[in-house]
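Counting from 1, position 8 in the sequence shown corresponds to residue 18 in our numbering; the numbering is continuous, with no gaps.
Here a beta-carbon is modelled for each residue, glycine too, at the ideal position from N, C-alpha and C.
Only a predicted model underlies this, so the values are computations on that prediction, with no experimental measurement involved.
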Amino acid sequence: MTLVTLEQVKAHIAVEFDDDDALLTGQIAAAQNLLERLLGFAIDVTYGGEGQDDVPPALEQAALMLVAHWYANREATVIGETPRYVPFGVREIVNEFRNWSF
């Protein structure tokens, strides 16, 4: 199960062409992988399956935010802009759902 679909991502970033579908599909997988590592659990083990709660919309939003960020910023550095923190972003969402047990 993927956290978000290609169609959801394309709507979120307002992309109507198919040229970047392979790139976006890879970024979706990478976003889910990162979120699962930050959360400390596999999303499909906890949410979205039969008898399980639906995936929280906030986690879907975190995936959309990550993919949009990576799509707009394809390099490791940002040139010509002052980087700034986006409040109520991915880290805050992850912290709400994270498994804090060790």
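- Residue range of the unbroken alpha helix (DSSP H) whose run includes Glu4: Given that the chain is displayed from residue 11 to residue 112, the structure contains no residue 4 and the question cannot be resolved.
- Could you round the C-beta distance between Val65 and Leu13 to whole angstroms and report it? I think they count as a contact, below 8 Å. At roughly 6 Å, the Cβ-Cβ gap stays under 8 Å, so Val65 and Leu13 are in contact.
- Message: Rounded to whole angstroms, what is the Cα-Cα separation between Val77 and Ile89?
- Response: In a straight line, the C-alpha of Val77 is about 19 Å away from that of Ile89.
- Buried or exposed: where does Leu33 fall if 16 or more other Cβ atoms within 10 Å of its Cβ makes it buried? With fewer than 16 other Cβ atoms within 10 Å, it is exposed.
- Message: Within 8 Å, do at least three Cβ pairs link the segment 80-97 to the segment 47-62?
- Response: Remark: fewer than three beta-carbon pairs, one from each stretch, lie closer than 8 Å, so the segment 47-62 and the segment 80-97 are not flagged as touching.
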